[in-house]
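Protein sequence lines correspond, in order, to chains A and L. Numbered by the working numbering, the letters in the first sequence go through residues 8 to 321 in order. Numbered by the working numbering, the letters in the second sequence go through residues 56 to 517 in order. By construction, the Cβ of each residue, glycine as well, lies at the ideal position given by its N, Cα and C atoms. Just so you know, these numbers come straight off a predicted model, no measurement behind them. A quick write-up on the structure given underneath.
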Amino acid sequence: MFDIIGRRNIYFMISGLMILPGLIGLAIWGLNLGIDFTGGSLVEVRLGANPAAAQVRSVFVDAGLTDVSVITGSTTDALGKTYLIRTKTIDAGAKSDLLAKLGSAYGPLTEDRFESVGPVIGRETATNAFLAVLGASVLILFYLSYAFRQVPNPWRYGACAVFALLHDVVLVVGLWSILGKLFGLEVDALFVTAILTVVGFSVHDTIVVFDRVRENVSRFPGELFERVVNFSVNQTLDRSINTSLTVILTLTALLLLGGATIRGFVLVLLVGIVSGTYSSIFNASCLLVVWENGEFARLLGRLSPAKPVVATSP
Amino acid sequence: MRRRESITLAVIILIASVAGWIVWPDNPGIHATVFDRDIDIDFRVVEGLDLQGGLQVLLEADPAPGQELTPETMNAARSVIEQRINAFGTTEPVIQLQGQRRIVVEMPGVKTPEERERAVKLFGETGLLEFVDTGSTSPPPGRPLEPGKYPTVLTGKNVDASAVSVTFDQRNTPQIAFGWDAEGARTFGDYTEKNVGKYLTIVLDGVVLSAPRINSRIEDRGVITGRFSLAEAKDIVTKLKYGALPVPVKVVQQREIGATLGQDSVDRSIMAGAVGLGVVLAYMLIYYRLPGFIAGLALVIYSLLSFAAFKNPWAPVTLTLAGIAGFILSIGMAVDANILIFERMKEELRLGRTLGAAIEAGFNRAWDSIRDSNFSTLITCAILYYFGSGLIRGFALTLALGVVVSMFTAIVVTRTFLRLLLSTGVARMPALFGVGGVAVPVEPAKRAPSRPDPNGFLPAAN
């Protein structure tokens, strides 16, 4: 049996260290937002003449568009190299004209994708994404507090679970900031879906641990809360790891073998679920103990000497 | 106990077989006549845009200043658009209201750029036809007519929708033949009689189509000539047939997705799913042995049931790439319920319970965790559905459906299999359950210890 609760400060530090690079990345680079959030237009074409990105860009700039970015895609096939062109929002007519010019200069041109998002929609999507994460957190908080109503301090369980999941969200978003800078991975609506799935998962995992705590709290009335939680975490360790492992296995299969279009999506899920497992085992339960023992308050110098709370029966 | 399990087993096999048949790709469906009622059920996978390729457009109502936007107006606009698109001929378009001012239009299979442009013009333009008295001026076609300068005599409202069609003149140029309704015929007749020699300009959405001169009184029929292509003429006929949009709309979001991107991804993702499933099954077998094998069976049944649920004829789930990922994810999660149960079982066995008691206790104890944790996933799915767009909703639905079905298979299917196994006396060896070394007692067990070991170690297997 492992002493997880006892070493909780180490684990808090590890969590902090994991989140830190992401936070720094967010502060410096922000997020590489896709057009789902910023608005704009995205055209994906293949050009037979394989021109350089700068040449493609000049066609658009000459037509009067200022904010143009061209990225050469990773695939090259018989129809030519792939180019991802991003501009401010243009309508379909303007797009056709521009593509006609591009095609005559560097064709033959195959149009693979055209997406155009008005700026208002972009802002709405961002707001909705934020509200969705917030809404999910609140609902889960309420639900857990209700499910654990027979235990002393039911709201703590909900709160600790939410803290754990926010840790996961921050971790993934921070990681994406770095990956966006290095590999150009974009934040789009699918990313938000993945985040919310991670939220659901992280809580799923945490609940199983808390469930055990609930059960053991009533089974061992005279025990130190700390000990009960530690025991519970150990009991559920096998199960937590196994469950996450099966999901991770399926996701890894998807990542390696699945289509390219959802690769980013699957990666978010993978990282998020690993993080979720970690946070359920090492963060959520430790937080419970810390709260119960009043260690935060002690840290802030308010309470006098530590009084470890004894688990009481309901 | 054995009898009940056998019946349940039979039911499970039946349901699984039906599901398997539904999932089978070239499913003929059910077509029969029962008691004078025709039953026509098809089981197909509804492919989302990102799988089929197609066009997705988000329209927003752009009312003229002073024009009020009511739900009736939006509904009317929606049905006009729907009728126009049906005339265009896409299979299974989706036209839905979104919020108070928006309409989502999805047209799968619309692939070439020309088709897309044509489609957007078709439903994005208001389609207001006006007959304008321009006196002695003949405005050139193709140019916008100065608004407000000339009086409008008649609009498309008085055109008899059933009498509009494309015809051809002697040189085989397409033109549009139309007829008036009673009121229109009267007004038109009076007007043409009084205004011989003047020009009557025909304007569509503010742009001049043609400006013929009135030569004599015309009663109830007319022809609009102009330089239309056949496609253009057809589209104008469609717009006239179903009327103008009650409120102008503008395109605020547009996505065009090529099918090739989709198909390749689909095939690979399905293969990845199969591999994932295989790996999970292998893992379960190795780690949990006999119960793992049973869980594997339950998983396969789960996959069949889940996928069959997607294909249900009343509310088929639109499958997107994200949806496939959600389904594959839910396979991994479906195992979770089984794992919860098995871990509980192992614990109970270690504490010395009989196999039968361990199974029952495993299920009962695990149910709380399963219920609570799956519920939180369902909550997230609900949020995703509420806040998300079509793509996200597909994912939420597949995941939610997967979770619900997985709960069913874990509780009913796995339990039935295990109970049956118990009654056949097959599973006595603890090794088959992954619990080390000790024979599984059949007699009642001893009491579970009442305190955790003071050193913090689990009670020894005993």
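Within the segment 325 to 349 of chain L, the residues whose Cβ lies closer than 8 Å to some Cβ of chain A are Met326, Ala327, Gly328, Val330, Gly331, Leu332, Val334, Val335, Tyr338, Met339, Tyr342, listed in chain order. A:Arg53 is positioned such that its CB atom lies no closer than 8 Å to that of A:Ser76.
In terms of Cα proximity to L:Val468, the closest of L:Glu201, L:Tyr357, L:Val100, L:Ile269 is L:Tyr357. A distance of 8 Å or more separates the beta carbons of L:Val135 and L:Lys366. Assignment of L:Trp235 by DSSP, reduced to helix, strand and coil, places it in the strand class. Taking 7 Å as the upper bound on Cβ-Cβ separation, chain L lies near residues Val210, His211, Ile214, Val215, Asp218 of the segment 209 to 225 of chain A.
With a cut-off of 8 Å on Cβ pairs, the segment 183 to 200 of chain L is not in contact with the segment 153 to 167 of chain L, counting fewer than three such pairs. Excluding the 5 residues flanking it on each side, A:Ser209 has same chain C-beta neighbours closer than 7 Å at Ala171, Leu172, Asp175, Gly283, Ser286, Ser287, in chain order.
L:Asp188 sits close to L:Tyr205, with the two beta carbons spaced by under 8 Å. Apart from sequence neighbours up to five positions away, the residues of its chain that approach A:Leu151 with a beta-carbon distance below 6 Å are Tyr164, Gly165, Ala168, ordered along the chain. In this model, L:Ala350 and L:Val372 are separated by some 26 Å (Cα to Cα). The criterion of a C-beta distance shorter than 8 Å is satisfied by L:Gln309 and A:Phe121. Taking 3 residues as the shortest admissible run, the segment 143 to 188 of chain L contains the following complete beta strand (DSSP E) segments, listed from N- to C-terminal end: 149 to 153, 157 to 163, 184 to 188. Under the Cβ criterion of 8 Å, L:Phe362 is not counted among the residues facing chain A. Counting C-beta pairs closer than 8 Å gives fewer than three between the segment 236 to 244 of chain A and the segment 380 to 387 of chain L, which falls short of the contact rule.
As summarised for the segment 226 to 297 of chain L, the continuous beta strand (DSSP E) elements at least 3 residues long and confined to that stretch are 229 to 234, 255 to 259, 262 to 265, 276 to 279, given in chain order. Taking a cut-off of 8 Å on C-beta distances, the segment 280 to 292 of chain L does not touch the segment 83 to 99 of chain L, as fewer than three cross pairs fall below it.
Not a single C-beta of chain L is nearer than 8 Å to the C-beta of A:Ser152. Considering only beta carbons, the part of the segment 121 to 135 of chain A lying closer than 7 Å to chain L consists of Phe121, Glu122, Ser123, Val124, Gly125, Val127, Ile128, Asn135, in chain order. One thing to note: L:Val292 has its Cβ no nearer than 8 Å to the Cβ of L:Ala132. Interface annotation, A:Ser103: in contact with chain L, CB-CB separation under 8 Å. Here the segment 116 to 134 of chain A makes contact with the segment 36 to 52 of chain A; the two share three or more CB pairs at distances below 8 Å. Against chain L, the CB of A:Val297 has no partner CB under 8 Å away; the residue lies outside that interface. For A:Tyr113, same chain residues with a beta-carbon under 6 Å away, outside a window of 5 residues either side, are Leu54, Ala56, Pro58 in chain order.
Nearest CB-CB separation between A:Thr204 and chain L: below the 8 Å threshold. Nearest Cα to L:Arg173 within the set A:Ser103, A:Val127, A:Ile128, A:Ser65: A:Ser103.
Runs of the alpha helix (DSSP H) spanning 4 or more residues and lying entirely within the segment 83 to 118 of chain A occur at 99 to 113, in chain order. Take the alpha-carbon of L:Ser428 and the one of A:Asp212: they are about 7 Å apart. C-alpha of A:Gly191 to C-alpha of A:Phe198: approximately 14 Å in a straight line.
Distance between A:Leu252 and L:Ala389, taken at the CA atoms: about 13 Å.
Beta-bridge partners assigned by DSSP to A:Leu54: A:Lys88, A:Leu116. Boundaries for L:Val112: no alpha helix (DSSP H) harbours it, while the beta strand (DSSP E) harbouring it runs 109 to 116, taken from the DSSP string. Considering only A:Thr89, A:Cys293, A:Glu118, the residue with the shortest C-alpha distance to A:Arg14 is A:Cys293.
Residue-level contact check: A:Val275 does not touch chain L, since none of the beta carbons of chain L fall below 8 Å from its beta carbon. Counting every other CB atom within 10 Å of its CB across the protein chains shown gives L:Gln111 a total of 16 or more, marking it as buried. Three or more Cβ pairs closer than 8 Å define a contact, and the segment 231 to 245 of chain L meets that threshold against the segment 265 to 278 of chain L.
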